[in-house]
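When we follow full-length UniProt numbering, the leftmost residue of the sequence shown carries the number 1, and every step to the right adds one.
Ideal placement from N, C-alpha and C gives every residue a C-beta, glycine not left out.
Small disclaimer: the values here were computed from a predicted structure and weren't measured.
First the structure, in the form of structure tokens, and then the observations on it.
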Amino acid sequence: MRIYCKGDTGLNMAVRGDKVLLVPADSNDESQQWIQDYDAVGRVADEQGRRAFALVNVRTKQAAVLLDERSNRLEMARYAGGDGGGGGGVVKLSMLWSLGARLPGGYCEVRLLRDISRTLNGINGHVREGTVVGIYNSEPDSVHAIWKFDPINK
Numbered sequence: 001m002r003i004y005c006k007g008d009t010g011l012n013m014a015v016r017g018d019k020v021l022l023v024p025a026d027s028n029d030e031s032q033q034w035i036q037d038y039d040a041v042g043r044v045a046d047e048q049g050r051r052a053f054a055l056v057n058v059r060t061k062q063a064a065v066l067l068d069e070r071s072n073r074l075e076m077a078r079y080a081g082g083d084g085g086g087g088g089g090v091v092k093l094s095m096l097w098s099l100g101a102r103l104p105g106g107y108c109e110v111r112l113l114r115d116i117s118r119t120l121n122g123i124n125g126h127v128r129e130g131t132v133v134g135i136y137n138s139e140p141d142s143v144h145a146i147w148k149f150d151p152i153n154k
């Protein structure tokens, strides 16, 4: 699936090096393709009862995480859940997300499971090519902070 914010549906979330950025949509670019993995998570849910999932990049096979609580930078980390890679299927809490309430147009906030007041965000309010995707306080009325997951159209 592809992930994009309401501010520009022509920009997808992608992994570039060690960063997660907004880049021009390209359905053939696997760094822009994501798996919303519920299977390896079991029955874990957030404090509002919304089911948890891991966000795994197709190209890197890594999961999106917030490794440093003092930072707002989204990072990618080794993901052992559901891949048969010998990781035992253990998924760290820091790798889990939940979706907020569905907003008009099918958008929603993508929230850290361990703190649903912190959500996926185009850092500094920017929605343009190269914008770093990170974590910030909930902003459900901001076009850089509400997201949509759609199938890849090939």
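| query | result |
| --- | --- |
| CA-CA distance, Ala52 and Asn28? | 28 Å |
| Tell whether a beta-carbon distance below 8 Å holds between Ile146 and Met1. | no |
| Out of Gly81, Leu74 and Phe149, which has the shortest C-alpha to C-alpha gap to Ala40? | Gly81 |
| Using the rule of at least 16 other Cβ atoms within 10 Å of the residue's Cβ for burial, across every protein chain shown, is Gly100 buried or exposed? | buried |
| Closer than 7 Å by C-beta to Arg50: which residues in its own chain qualify, once you throw out the five before and the five after it? Chain order, please. | Ser98 and Leu99 |
| Return helix, strand or coil for Gly122, following the three-state DSSP convention. | strand |
| Using alpha carbons as the reference points, say which of Lys19, Gln36 and Ile3 lies closest to Ala25. | Ile3 |
| Run through DSSP, which three-state label would Leu113 get? | coil |
| Can you grab the Cα-Cα spacing for the pair Val91 / Gly10, in whole Å? | 31 Å |
| Can you tell which of Arg78, Glu47, Leu67 and Gly42 has its C-alpha closest to the C-alpha of Val56? | Arg78 |
| Under a three-way DSSP split, which group does Glu30 fall into? | helix |
| Just to confirm my understanding: we take Val15, look at its own chain, exclude 5 residues before and 5 after, and list those with CB closer than 7 Å. What are they? | Ser31, Asn57, Arg59, Thr60 and Met76 |
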